[in-house]
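Asks: Starting off with a structure, shown below.
2 protein chains.
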Amino acid sequence: MEEELRALLRDLDALKQRPDPAAVDRMRERVAGMVNPVGAAAARSKIKDMSAEVVDSNPYSRLMALQRMGIVDNYERIRDYSVAIVGIGGVGSVAAEMLTRCGIGRLLLYDYDTVELANMNRLFFRPDQVGMTKTDAAVQTLSGINPDVTLESYSLNITTVKGFETFLGSLKARSSDGRNTGVDLVLSCVDNYEARMVVNQACNELGQTWMESGVSEDAVSGHIQLLVPGETACFACAPPLVVASGVDERTLKREGVCAASLPTTMGVVAGLLVQNALKYLLKFGQVSPYLGYNSLKDYFPTMEMKPNPQCSNPACVQRQKEYMQSKPARDAAAKAKMDAEAAAADECPVHLDNDWNISVVDDSDTATPSILSTGAGSLPEGLVRELPTADSYQEPVAPVASGAIDDDLEELQRQLDALNAS
Amino acid sequence: MEEELRALLRDLDALKQRPDPAAVDRMRERVAGMVNPVGAAAARSKIKDMSAEVVDSNPYSRLMALQRMGIVDNYERIRDYSVAIVGIGGVGSVAAEMLTRCGIGRLLLYDYDTVELANMNRLFFRPDQVGMTKTDAAVQTLSGINPDVTLESYSLNITTVKGFETFLGSLKARSSDGRNTGVDLVLSCVDNYEARMVVNQACNELGQTWMESGVSEDAVSGHIQLLVPGETACFACAPPLVVASGVDERTLKREGVCAASLPTTMGVVAGLLVQNALKYLLKFGQVSPYLGYNSLKDYFPTMEMKPNPQCSNPACVQRQKEYMQSKPARDAAAKAKMDAEAAAADECPVHLDNDWNISVVDDSDTATPSILSTGAGSLPEGLVRELPTADSYQEPVAPVASGAIDDDLEELQRQLDALNAS
Numbered sequence: 001m002e003e004e005l006r007a008l009l010r011d012l013d014a015l016k017q018r019p020d021p022a023a024v025d026r027m028r029e030r031v032a033g034m035v036n037p038v039g040a041a042a043a044r045s046k047i048k049d050m051s052a053e054v055v056d057s058n059p060y061s062r063l064m065a066l067q068r069m070g071i072v073d074n075y076e077r078i079r080d081y082s083v084a085i086v087g088i089g090g091v092g093s094v095a096a097e098m099l100t101r102c103g104i105g106r107l108l109l110y111d112y113d114t115v116e117l118a119n120m121n122r123l124f125f126r127p128d129q130v131g132m133t134k135t136d137a138a139v140q141t142l143s144g145i146n147p148d149v150t151l152e153s154y155s156l157n158i159t160t161v162k163g164f165e166t167f168l169g170s171l172k173a174r175s176s177d178g179r180n181t182g183v184d185l186v187l188s189c190v191d192n193y194e195a196r197m198v199v200n201q202a203c204n205e206l207g208q209t210w211m212e213s214g215v216s217e218d219a220v221s222g223h224i225q226l227l228v229p230g231e232t233a234c235f236a237c238a239p240p241l242v243v244a245s246g247v248d249e250r251t252l253k254r255e256g257v258c259a260a261s262l263p264t265t266m267g268v269v270a271g272l273l274v275q276n277a278l279k280y281l282l283k284f285g286q287v288s289p290y291l292g293y294n295s296l297k298d299y300f301p302t303m304e305m306k307p308n309p310q311c312s313n314p315a316c317v318q319r320q321k322e323y324m325q326s327k328p329a330r331d332a333a334a335k336a337k338m339d340a341e342a343a344a345a346d347e348c349p350v351h352l353d354n355d356w357n358i359s360v361v362d363d364s365d366t367a368t369p370s371i372l373s374t375g376a377g378s379l380p381e382g383l384v385r386e387l388p389t390a391d392s393y394q395e396p397v398a399p400v401a402s403g404a405i406d407d408d409l410e411e412l413q414r415q416l417d418a419l420n421a422s
Numbered sequence: 001m002e003e004e005l006r007a008l009l010r011d012l013d014a015l016k017q018r019p020d021p022a023a024v025d026r027m028r029e030r031v032a033g034m035v036n037p038v039g040a041a042a043a044r045s046k047i048k049d050m051s052a053e054v055v056d057s058n059p060y061s062r063l064m065a066l067q068r069m070g071i072v073d074n075y076e077r078i079r080d081y082s083v084a085i086v087g088i089g090g091v092g093s094v095a096a097e098m099l100t101r102c103g104i105g106r107l108l109l110y111d112y113d114t115v116e117l118a119n120m121n122r123l124f125f126r127p128d129q130v131g132m133t134k135t136d137a138a139v140q141t142l143s144g145i146n147p148d149v150t151l152e153s154y155s156l157n158i159t160t161v162k163g164f165e166t167f168l169g170s171l172k173a174r175s176s177d178g179r180n181t182g183v184d185l186v187l188s189c190v191d192n193y194e195a196r197m198v199v200n201q202a203c204n205e206l207g208q209t210w211m212e213s214g215v216s217e218d219a220v221s222g223h224i225q226l227l228v229p230g231e232t233a234c235f236a237c238a239p240p241l242v243v244a245s246g247v248d249e250r251t252l253k254r255e256g257v258c259a260a261s262l263p264t265t266m267g268v269v270a271g272l273l274v275q276n277a278l279k280y281l282l283k284f285g286q287v288s289p290y291l292g293y294n295s296l297k298d299y300f301p302t303m304e305m306k307p308n309p310q311c312s313n314p315a316c317v318q319r320q321k322e323y324m325q326s327k328p329a330r331d332a333a334a335k336a337k338m339d340a341e342a343a344a345a346d347e348c349p350v351h352l353d354n355d356w357n358i359s360v361v362d363d364s365d366t367a368t369p370s371i372l373s374t375g376a377g378s379l380p381e382g383l384v385r386e387l388p389t390a391d392s393y394q395e396p397v398a399p400v401a402s403g404a405i406d407d408d409l410e411e412l413q414r415q416l417d418a419l420n421a422s
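One line per chain: the protein sequences are A and B, in this order. Just so you know, the first sequence maps onto residues 1 to 422 in full-length UniProt numbering. Just so you know, the second sequence maps onto residues 1 to 422 in full-length UniProt numbering.
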């Protein structure tokens, strides 16, 4: 394409010197070839309804096939969902492309950075986009790939006061076509602690489920994590051992030193992240609470993290209270569902007699409808809980009066003092 | 871009009617804007040496950082390697992009198919490439991303007699710049049994190490596998239970039915595949002999497969013989290496006294220098070996005369007859 354009420039320069109808014809042909390199329509037009028809011209046939294969009940629901992606770097840009190609309804993209040649060792951005903001470059590429996706681009820094306000507002706002209010999932693909804490704050305030991702500085490991305010640990529940204090994290980086990165590790982390986002949105498979990726050994550790009742984030503590107050209702709903399933199973046994001696085995880990198992002892061997879990928290049987909450807070303070003293 | 080009077409049509120097200026500006959207060089020029300098304009800074981080000894060696990718679909195209962005020396791309809109639910290809051959479209995109990579494109079907000859010849041929002979690794990213058997045949004949990849028809699981002729199971060593017999596999697919696919699963499989390719080529971490990906549960099974002495592929059996004949030399080299390391360790103890009570622990699984552990009992629980392993094969202590090989073959035939009779 670029060589064609350069040839066109030379032709135009020649034309400036001397009018030449033949040259104009030649240029016209050249440009037409660029618009339409193989004689077919260049980019595709919008598609109103997702079809399962198996023809080469249907961009959704391989996705709608997930229904026939019995993986997803209703794939087309993906068009009703809005996903916010914070950080359009090595992980976020690939996550955005995957969701775009899956036909997500609406994507909100946040980044304040511009594309550099130094980003070219990760997927997605192209050298000809150097200098563009990452959000603009992403919209340029993604809208060409799938015009059915509504793209909203926010070139801002969420860690500034003004940026945070816009971020929070956009997560709650109605979509431009008026179909959706708010977002269904936030994917954090940022590369620093400060930005993660800001996403955490916004999602705790909104009670917004989100997924966090990260890749190590040596480029060979990464992780994804599901965060459901009140139900799972928030990002502040288990603070890291070392954080930047009173200074900008970026100033801690030594001059002339940069983190390593690989398209492989970032591609795998983006893939695992969006796969779990699809499982969460389209309700299939099991959403992983935490999944690590150690690429040197191809080892994938998993674990669960319960919220910390002494979390330093007040919004998290508030969400934990609400989650516990709604426990009786959740338990009742779970019991009703189980009873209904048991009754249905009694009524119509599945292949009670069969020549192959196949028996139906229930391999569900837990009877609760929660995404996370709430059972104790679910940490991998060698890990112990340093802090009391939410189970040790007194569960109110009915909505408590404000006095009772105050008592709980005093009790919490006593527990915290005891921990600090020990 | 497309709108700009359409505007240009309108300008050219107008110019055809009436010469207009101002219109030529306007067109020139428009084209220059497309070549160079932000005033910087559009695509980058070739780079002679990979630099570790940390500047935004260096596309290799984040890769060269792998050396400083202690992950890779010499990253720049990647330029010496040639990788062949067979099948430029949902996995192969992403694998090609990852290796291109990593700065691989030479990529050989094989596919006979063209780009369709139905491929748009996977990464890499764009709607404006519909109708192009996948290899041409890949070269177009990849050369724009990294002009330092030598790309060789083969639009052919390797399962035809002529296609196989060209395939085999290209794997042995010298690169166009004369630097490399042959390829260092073959990545199989095809979607059918027949093509896998053809890659297997070529690699067994050449003694060429390759990696196989695959994604399930329901789009939610996949795998990668390392195949070292003679050392590990080849693709024919453990035949599948059901294969197409006497008819073209593709005719078995029902009309109007297609396999499901997801950009997530294919992105993860491509990432795991190329990560293992990088580990193999640049000698870091552990190359996985087999790694599965069950996305519904985020479960990643691993296993090892030894070659089958009764393999139906004569080239595989021949490579097995050669591998066993070279065992004494490998053992001696391994022992010499271990002795040298032990001597070095005795000479300079690492932090014998330290305030932190840190001790150095040897976590290597096996004493052999082989990529695969050759220990018995390495299959996951629940799996048993149905066929005798290579260990039950008599190991000659010295190169054997042809008579001895004939005896071995007779013994093999007896074992096979006994197995068939039982």
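The beta-carbon is built from N, C-alpha and C at its ideal position, and this holds for glycine as well. Here the structure is a predicted model, which means the values were calculated and not measured.
1) Among A:Tyr323, A:Gly271, A:Met266, A:Ala238, whose alpha-carbon lies nearest the alpha-carbon of leucine 63 (chain B)?
2) Am I right that glutamine 201 (chain B) and alanine 315 (chain B) are in contact with their C-beta atoms under 8 angstroms? What's the rounded C-beta distance?
3) Which whole-angstrom value is the C-beta distance of serine 295 (chain B) and glycine 285 (chain A), which I expect to be below 8 angstroms?
4) Compare the Cα-Cα distances from serine 45 (chain B) to each of B:Gly131, B:Val149, B:Ile104 and report the closest residue.
5) Assuming serine 82 (chain A) contacts leucine 108 (chain A) under a Cβ cut-off of 8 angstroms, what Cβ separation, rounded to an integer in Å, is found between them?
6) Taking 8 angstroms as the CB-CB limit, is leucine 9 (chain B) close to chain A?
7) Please compile the residues from chain B whose C-beta is within a distance smaller than 9 angstroms of the C-beta of arginine 79 (chain A).
8) For alanine 315 (chain A), report the span of its alpha helix (DSSP H) as first-last.
9) If you measure from the beta carbon of asparagine 146 (chain A) to each beta carbon in chain B, is any gap under 8 angstroms?
10) Can you tell me whether serine 57 (chain B) is buried or exposed? The criterion is at least 16 other CB atoms within 10 Å of its CB, across all chains shown.
11) When DSSP labels each residue in this structure, what does glycine 214 (chain A) get in the three-state scheme?
12) Going by beta carbon distance, what residues of the same chain come within less than 8 angstroms of arginine 6 (chain A), once the five residues before and after it are set aside?
13) Nearest chain A C-beta to serine 295 (chain B) closer than 8 angstroms, yes or no?
14) Where does aspartate 346 (chain A) sit, in a helix, a strand or coil, going by DSSP?
15) Kindly list the residues whose CB is nearer than 7 angstroms to the CB of phenylalanine 300 (chain B), restricted to its own chain and excluding five residues on each side of it in sequence; keep chain order.
16) Helix, strand or coil for asparagine 119 (chain A), going by three-state DSSP, please let me know.
17) Once you ignore the five residues that flank valine 130 (chain A) on each side, which residues in its own chain have a CB closer than 7 angstroms to its CB?
18) For arginine 319 (chain B), which residues in the same chain have their Cβ closer than 7 angstroms to its Cβ, ignoring the five residues on either side in sequence?
19) Report back the beta-carbon spacing between aspartate 218 (chain A) and isoleucine 71 (chain B) to the nearest angstrom; my notes put them in contact at under 8 angstroms.
20) For leucine 187 (chain B), report the span of its beta strand (DSSP E) as first-last.
21) Along chain B, in chain order, which residues have C-beta atoms closer than 8 angstroms to that of tyrosine 60 (chain A)?
22) Answer with buried or exposed for alanine 329 (chain A), where buried requires no fewer than 16 other C-beta atoms within 10 angstroms of its C-beta.
23) Give every residue of the same chain whose Cβ lies closer than 8 angstroms to the Cβ of asparagine 276 (chain A), excluding the five residues on either side of it in the sequence, and list them in chain order.
24) Please state the DSSP three-state secondary structure of serine 155 (chain B).
25) Check the Cβ of threonine 265 (chain A) against every Cβ in chain B and list those closer than 9 angstroms, keeping chain order.
26) Any C-beta of chain A sitting closer than 8 angstroms to the C-beta of valine 215 (chain B)?
27) Count the other C-beta atoms from every protein chain shown that fall within 10 angstroms of the C-beta of valine 268 (chain B), then say buried if there are 16 or more, exposed otherwise.
28) For isoleucine 224 (chain B), report the span of its beta strand (DSSP E) as first-last.
29) Checking contacts by CB at 8 angstroms: is valine 86 (chain B) closer than that to chain A?
30) Using the DSSP secondary-structure output, state which residues sit across from threonine 114 (chain A) in a beta bridge.
31) What separation, rounded to the nearest whole angstrom, lies between the Cα atoms of residue 447 (chain B) and aspartate 111 (chain B)?
32) Could you tell me which chain B residues have their CB closer than 8 angstroms to the CB of glycine 285 (chain A), listed as they occur along the chain?
33) Hey, does lysine 16 (chain A) have any beta-carbon neighbour from chain B nearer than 8 angstroms?
34) Please state if the CB of arginine 101 (chain A) and the CB of isoleucine 145 (chain A) are separated by a distance shorter than 8 angstroms.
35) Who does threonine 181 (chain A) pair with in a DSSP beta bridge?
36) Can you check whether the CB of phenylalanine 164 (chain B) is closer than 8 angstroms to the CB of valine 198 (chain B)?
Replies: From the atom records:
1) A:Met266
2) 7 angstroms
3) 7 angstroms
4) B:Val149
5) 7 angstroms
6) yes
7) Chain B residues near arginine 79 (chain A): none, gap ~14 angstroms exceeds 9 angstroms.
8) 314-325
9) yes
10) exposed
11) strand
12) none
13) yes
14) Reduced to three states, the DSSP call for aspartate 346 (chain A) is helix.
15) Excluding sequence neighbours, phenylalanine 300 (chain B) sits near Leu291, Gly292, Tyr293.
16) helix
17) So the qualifying residues of the chain are Val115, Glu116, Leu117.
18) Asn204, Gly207, Pro229, Gly230
19) About 6 angstroms separates the two Cβ atoms, so the contact holds.
20) Unbroken beta strand (DSSP E) run through leucine 187 (chain B): 185-188.
21) Asn121
22) exposed
23) Result list for asparagine 276 (chain A): Met211, Ile224, Leu226, Val287, Ser288, Leu291, in chain order.
24) strand
25) Gly271, Gln275
26) no
27) buried
28) Its beta strand (DSSP E) spans residues 221-227.
29) Contact of valine 86 (chain B) with chain A is not assigned, every C-beta pair being separated by 8 angstroms or more.
30) Looking at the DSSP assignment, threonine 114 (chain A) forms a beta bridge with A:Thr133.
31) Beyond the ends of chain B as shown, which are 1 and 422, falls residue 447 (chain B); an answer cannot be given.
32) In chain order: Val220, Ser295, Leu296, Lys297.
33) yes
34) yes
35) A:Arg174
36) yes
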